[in-house]
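2 protein chains.
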Amino acid sequence: MAPRNADTKEDILRLGTELIQLYGYNAFSYADIAKNLHIRNAAVHYHYPGKEDLLAGIIDNYMEKYRQLEASLNQPGITAQQKLEAYMARYTEIVEQNKICIIGSVCSDYNTLPASVKERIHDLVTMVLDMVEKVLLEGKRLKQFHFSGNARTQTLLIMTNLAAGAQLSRITGKGDYLAICKGILQQVKA
Amino acid sequence: MAPRNADTKEDILRLGTELIQLYGYNAFSYADIAKNLHIRNAAVHYHYPGKEDLLAGIIDNYMEKYRQLEASLNQPGITAQQKLEAYMARYTEIVEQNKICIIGSVCSDYNTLPASVKERIHDLVTMVLDMVEKVLLEGKRLKQFHFSGNARTQTLLIMTNLAAGAQLSRITGKGDYLAICKGILQQVKA
DNA sequence: AGCTAAACTTACTATTTAGTAAGTTTAGAC
DNA sequence: GTCTAAACTTACTAAATAGTAAGTTTAGCT
Chain F
0 MAPRNADTKE DILRLGTELI QLYGYNAFSY ADIAKNLHIR NAAVHYHYPG KEDLLAGIID
60 NYMEKYRQLE ASLNQPGITA QQKLEAYMAR YTEIVEQNKI CIIGSVCSDY NTLPASVKER
120 IHDLVTMVLD MVEKVLLEGK RLKQFHFSGN ARTQTLLIMT NLAAGAQLSR ITGKGDYLAI
180 CKGILQQVKA
Chain B
0 MAPRNADTKE DILRLGTELI QLYGYNAFSY ADIAKNLHIR NAAVHYHYPG KEDLLAGIID
60 NYMEKYRQLE ASLNQPGITA QQKLEAYMAR YTEIVEQNKI CIIGSVCSDY NTLPASVKER
120 IHDLVTMVLD MVEKVLLEGK RLKQFHFSGN ARTQTLLIMT NLAAGAQLSR ITGKGDYLAI
180 CKGILQQVKA
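Quick mapping for you: the protein sequence lines, in order, are chains F and B.
For the first sequence, numbering that gives the first Met the number 0 begins at 0 and goes up steadily by one.
For the second sequence, numbering that gives the first Met the number 0 begins at 0 and goes up steadily by one.
In structure tokens form, the structure reads like this:
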């Protein structure tokens with residue numbers, strides 16, 4: 000095997016992720032990627048035959064990163080609140096870069112996507128919701144969190160706050176996002 | 000003046016709104032509109048010279064409808080909770096049609112939009128937030144609502160719940176959206 | 001040294017895109 | 001009845017789009 004540049008596939012993935020979070024799936028083209036990476040259009044097609052293959056790769060990669068974050072948090076001594084704040088910090092990073100989360104971005108284009116990609120998105124969402132729900136349950140069990148209603152509903156409330164908070168902050172400014180974060184913690188803090 | 004069909008402009012606006020809410024701004028073309036309305040591409044350009052003019056028109060129209068809703072609710076005998084539920088009902092309608100709200104839809108494409116459109120989106124968001132904040136303040140004053148923190152933050156929390164709730168329900172199903180709605184009301188109900 | 005396969009480039013195609021210029025139809029004002 | 005302007009259609013263009021087929025370079029294995 001003779002990889003001239005073994006990082007190109009990674010670079011495409013990283014840039015594609017960035018373009019989706021900044022401009023949306025239907026607003027960037029293979030030409031944009033090729034131009035930015037100083038390769039030809041066909042080189043992008045070599046690594047990802049079609050745009051939906053690239054999107055599938057991006058989502059898989061996003062899931063993998065989430066799994067890694069979860070694993071790094073599942074260590075003794077890390078409280079439920081620290082875990083929740085770690086998840087929230089991911090959104091804060093996104094907001095600081097004027098991005099939105101992948102899920103929120105592809106959601107507007109969702110009805111135009113092929114079934115294989117829809118399934119991946121579904122799996123990603125399910126995974127994230129389950130991860131946060133676990134943290135909320137753990138926090139409640141250890142009396143670190145308090146909330147009325149069930150953990151699933153509270154998870155949905157928090158994650159929609161974060162996802163749409165990132166979106167909103169693009170329009171009205173980052174102040175609103177910060178207010179939302181404070182509000183979330185106030186709601187669950189014991 | 001001789002309008003052969005005076006409703007065409009309205010039809011374009013209505014269909015454009017629908018396409019944005021269903022597929023996203025960058026996922027539909029003038030050809031889609033022309034085909035659906037059985038007119039030619041150039042006829043769409045006649046009414047809306049460029050795609051951004053159409054988007055501007057759609058947003059203006061959306062604002063107008065919100066103003067009308069607010070006016071219809073500002074009548075004696077309508078409680079704050081009824082008003083809040085009326086706003087929430089708009090999102091429920093959207094969810095039932097597999098749509099998402101205009102703001103959430105254009106948000107992923109926001110960074111690709113011209114300044115004139117960005118301003119309109121900003122105005123729309125500001126208006127909606129102000130409307131809901133007023134209702135929350137009224138409800139709190141009349142002891143119909145209770146919530147800790149200020150009304151602005153509570154408004155942000157609720158509106159992000161609704162916007163992202165609609166988006167999420169596309170992926171995981173309408174059940175999650177309904178749970179979110181119940182959660183919202185439980186949070187503010189006295 | 002030569003074979004092989006990965007990682008490309010060159011060169012192209014068909015389609016879709018927004019957009020335009022110029023001509024046509026139609027309804028109502030006068 | 002004629003004039004006028006709104007509301008179109010026809011017939012285009014230039015650019016961008018995803019995608020492909022075929023050839024080229026390069027690194028490592030033997």
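No residue lacks a Cβ here, since even glycine has one placed at the ideal position from N, Cα and C.
A quick note: this is a predicted structure, and the numbers were derived from the prediction, not measured.
Residue i to residue j span [Cα, whole Å]
{"i": "F:R119", "j": "F:D59", "result": "7 Å"}
{"i": "B:A70", "j": "F:Y176", "result": "29 Å"}
{"i": "B:K82", "j": "B:I99", "result": "21 Å"}
{"i": "F:N149", "j": "F:C106", "result": "26 Å"}
{"i": "F:Y24", "j": "B:Q74", "result": "44 Å"}
{"i": "B:Q80", "j": "B:G182", "result": "14 Å"}
{"i": "F:S115", "j": "F:I11", "result": "20 Å"}
{"i": "F:C180", "j": "F:A163", "result": "12 Å"}
{"i": "B:V94", "j": "B:L184", "result": "18 Å"}
{"i": "B:A42", "j": "B:N97", "result": "29 Å"}
{"i": "F:Y109", "j": "B:L18", "result": "12 Å"}
{"i": "B:I102", "j": "F:L161", "result": "16 Å"}
{"i": "B:K139", "j": "B:Y22", "result": "38 Å"}
{"i": "B:M62", "j": "B:M126", "result": "8 Å"}
{"i": "F:A67", "j": "F:L54", "result": "Before going further, note that residue 67 of chain F is Gln rather than Ala in the sequence given. Distance between the alpha carbons of F:Q67 and F:L54 is about 20 Å."}
{"i": "F:G49", "j": "F:R89", "result": "29 Å"}
{"i": "F:A85", "j": "B:A85", "result": "36 Å"}
{"i": "F:A30", "j": "B:E137", "result": "53 Å"}
{"i": "F:T78", "j": "F:M87", "result": "14 Å"}
{"i": "B:N40", "j": "B:F27", "result": "13 Å"}
{"i": "F:K117", "j": "B:G172", "result": "13 Å"}
{"i": "B:G76", "j": "B:Q186", "result": "23 Å"}
{"i": "B:E92", "j": "B:L72", "result": "18 Å"}
{"i": "F:H121", "j": "B:G174", "result": "14 Å"}
{"i": "F:T16", "j": "B:T16", "result": "28 Å"}
Buried versus exposed call for residue i [16 or more other C-beta atoms within 10 Å across all chains shown]
{"i": "B:R169", "result": "buried"}
{"i": "B:D129", "result": "exposed"}
{"i": "B:L141", "result": "exposed"}
{"i": "F:A178", "result": "buried"}
Sequence-distant residues of its chain with Cβ nearer than 8 Å to residue i (five each side left out)
{"i": "B:L14", "result": "I32, N35 and L36"}
{"i": "F:K188", "result": "Q80, F144 and H145"}
{"i": "F:V124", "result": "I102"}
{"i": "B:M0", "result": "Since pLDDT at B:M0 reaches only 49, below the 50 mark, its modelled position is unreliable, and the value read off the structure follows with that caveat. Hits under 8 Å: none found."}
{"i": "F:Y65", "result": "L123, M126, V127 and M130"}
{"i": "B:T111", "result": "N25"}
{"i": "B:H44", "result": "Y29"}
Own chain residues within Cβ distance below 7 Å of residue i, not counting five before or after
{"i": "F:G56", "result": "L12 and Y47"}
{"i": "F:S197", "result": "Within the shown structure, residues of chain F are numbered from 0 to 189, placing residue 197 of chain F beyond reach of any answer."}
{"i": "B:R192", "result": "Outside the displayed range of chain B (0 to 189) lies residue 192 of chain B, so it cannot be described from this structure."}
Cutoff 6 Å; reference residue i; Cβ partners in own chain excluding five residues on either side
{"i": "F:Q166", "result": "I99 and G103"}
{"i": "B:Q153", "result": "L135 and F146"}
{"i": "B:P113", "result": "E51"}
- Message: Quick check for students: name the residue ranges of the alpha helix (DSSP H) that lie wholly in the region 41-103 of chain B, counting only runs of 4 or more.
- Response: 50-72 and 79-95
- Message: Below 8 Å, how does it come out for the region 6-15 of chain B and the region 24-42 of chain B: are there three or more Cβ pairs, yes or no?
- Response: yes
- Query: For the region 131-139 of chain B against the region 154-168 of chain B, are there 3 or more C-beta pairs whose distance is under 8 Å?
  - Reply: yes
- Item | Complete runs of the alpha helix (DSSP H) confined to the region 148-189 of chain B [at least 4 residues] | 150-171 and 173-187
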